[in-house]
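**Student:** Residues in the sequence shown are numbered consecutively from -2, following the working numbering.
First the structure, which I've put down as structure tokens, then a few questions once you've had a look.
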Amino acid sequence: MMLQCIAIDDEPLALQVIKKFAERTPELQLQKVFTDAIAARDYAQNNSIDLLFLDIQMPDINGLQLFNSLHPKPKVIFTTAYREFAVEGFEADAVDYLLKPFTFSRFQKAVAKAASWMAMEEVQEEPCLHVHVDYKLMKIPFQSIHYIESLDDYIRIHTDTGKLMTLLPMKAMMQKLPRNRFIRIHRSYIIPIARLQYIQYKKLALSTGVELPIGETYRSEINRYRQP
């Protein structure tokens, strides 16, 4: 498993150490390093990141505040020269805590722990749809989706918790979804097969009570799910 990561520290020398260690670690792909915590937060919100190497004591915003502001949260390994921050780091569900200066062996141990956590979550985690919403990368569990609606260049995703808008063509959306769980029923609608309640000639109903039209092009496909 290759972990996509970034490193954030206001000390350039500390970043050089992480960069050197990451280059020697096959499991890591270090995308960028940051001395500016605000720029790092913006980058993390708009890119797919598995792991942060994050200093705690920084001038604009401390590492704990930065991590708590991220949604969804990647895994985090805190790096700091101050042992007293260890408790706070682990309370934030940190994978590990590296006390500066740390050795390559200690760095490897922390990375191995992060990879192990990620592997366990991949086995246990409900599959999700990943889309950008309001300039943030969102993770939407497939089971929470009611239906997906096309609005020209935008798509509205109806979920258990509300409606989300993303800039994406319908064809690209279908490519993100597993065919054994979702079906396109109209040029403007995709539904989860599990939510299909009943089918009539030109429309169908979902388990939520919502009725949607069936497009002529998609009728033969959707009729495969008609109850005998």
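All C-beta atoms, glycine included, are put in the ideal place defined by N, C-alpha and C.
So what does DSSP say about SER45, is it helix, strand or coil?
**Tutor:** Within the sequence shown, numbered from 1, the residue matching residue 45 stands at position 48. In the structure shown, SER45 sits in coil (DSSP, three-state: anything other than H, G, I, E or B).
**Student:** According to DSSP, which residues form a beta bridge with VAL108?
**Tutor:** On the sequence shown, residue 108 is found 111 positions in, with the first residue counted as 1. According to DSSP, which records beta bridges pairwise, VAL108 is partnered with nothing at all.
**Student:** Using the C-alpha atoms, what's the distance from PRO189 back to ASP57?
**Tutor:** For this step, residue 57 is matched to residue 60 along the sequence shown. For this step, residue 189 is matched to residue 192 along the sequence shown. Cα to Cα, the separation comes out at about 44 Å.
**Student:** Classify ARG21: buried if its beta carbon has 16 or more other beta carbons within 10 angstroms, exposed otherwise.
**Tutor:** By one-based count along the sequence shown, residue 21 stands at place 24. It is exposed - the Cβ of ARG21 has fewer than 16 other Cβ atoms within 10 Å.
**Student:** Quick check on the burial criterion: 16 or more other C-beta atoms within 10 angstroms. Buried or exposed for TYR186?
**Tutor:** Along the sequence shown, read from residue 1 onward, the residue named residue 186 stands at position 189. Classification of TYR186: buried, given that the 10 Å Cβ count is 16 or more.
**Student:** Roughly how many whole angstroms lie between the Cα atoms of ARG176 and ALA11?
**Tutor:** The count along the sequence shown starts at 1 and reaches residue 176 at position 179. The count along the sequence shown starts at 1 and reaches residue 11 at position 14. Rounded to the nearest angstrom, the two C-alpha atoms are 46 Å apart.
**Student:** Counting beta carbon pairs with one atom in the region 153 to 165 and one in the region 125 to 133, are three or more of them shorter than 8 Å?
**Tutor:** Short answer: they touch.
**Student:** Sort out for me which residues DSSP pairs LYS29 with in a bridge.
**Tutor:** Reading the sequence shown from its first residue, position 32 is the one you call residue 29. Partner(s): ILE3.
**Student:** Beta strand (DSSP E) containing MET135: first to last residue?
**Tutor:** Indexing the sequence shown from 1 puts residue 135 at position 138. Element bounds for MET135: 133 to 138.
**Student:** Buried or exposed: LYS72, going by 16 or more other Cβ atoms within 10 Å of its Cβ?
**Tutor:** Here residue 72 is taken as the residue at index 75 of the sequence shown, counted from 1. LYS72 comes out buried.
**Student:** Would you report the Cα separation of LYS168 and TYR215, rounded to the nearest angstrom?
**Tutor:** Translated into the one-based positions of the sequence shown, residue 168 becomes position 171. Translated into the one-based positions of the sequence shown, residue 215 becomes position 218. When rounded, the distance between both Cα atoms is 14 Å.
**Student:** Kindly indicate which residue of ALA191, ALA111, HIS68 and GLY212 has the alpha-carbon position closest to the one of LYS133.
**Tutor:** Here the question's residue 133 lines up with position 136 in the sequence shown. Checking every option, the nearest Cα to that of LYS133 belongs to HIS68.
**Student:** Tell whether a beta-carbon distance below 9 Å holds between ILE74 and ALA111.
**Tutor:** One-based indexing of the sequence shown puts residue 74 at position 77. One-based indexing of the sequence shown puts residue 111 at position 114. For ILE74 and ALA111, yes; Cβs fall inside 9 Å.
**Student:** Alpha carbons only, please: which of SER204, LYS199 and GLY206 is nearest the one belonging to ILE212?
**Tutor:** What you label residue 212 is simply residue 215 of the sequence shown in a count that begins at 1. In the sequence as displayed, the identity of residue 212 is Gly instead of Ile. When each option's Cα is compared against that of GLY212, the closest is LYS199.
**Student:** Hey, LYS16 and ALA4: beta-carbon distance below 9 Å or not?
**Tutor:** Here the question's residue 16 lines up with position 19 in the sequence shown. Here the question's residue 4 lines up with position 7 in the sequence shown. Yes, these two residues count as a Cβ contact at 9 Å.
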